[in-house]
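Notes to accompany the following structure.
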Amino acid sequence: MPDELVKMFLEEVIDSISNLSDALSCILQYYCVAVEENKFIESKNYESKEEK
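Count the sequence shown with this note's numbering and you get residues 52 to 103, in order.
Put into structure tokens, the structure is as follows:
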């Protein structure tokens, strides 16, 4: 019986870790996109200032 509990517990832990890594990769993806967009916006702002 304890072996079954340990097995169930480990499966839960593994599921949690994989969910966490999915969430982290998702967050990183959004962060990278946001940084790229921010750089693009800043470069556009810089170009418009140069034109003045």
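Where a beta carbon is used, it is the ideal one built from N, C-alpha and C, also for glycine.
Annotation for residue 73: no residue places its beta carbon closer than 7 Å to its own, counting only its chain and skipping 5 residues before and after.
Note on geometry: alpha-carbon atoms of residue 76 and residue 54 lie some 33 Å from one another. Here the alpha carbon of residue 57 sits roughly 55 Å from the alpha carbon of residue 94.
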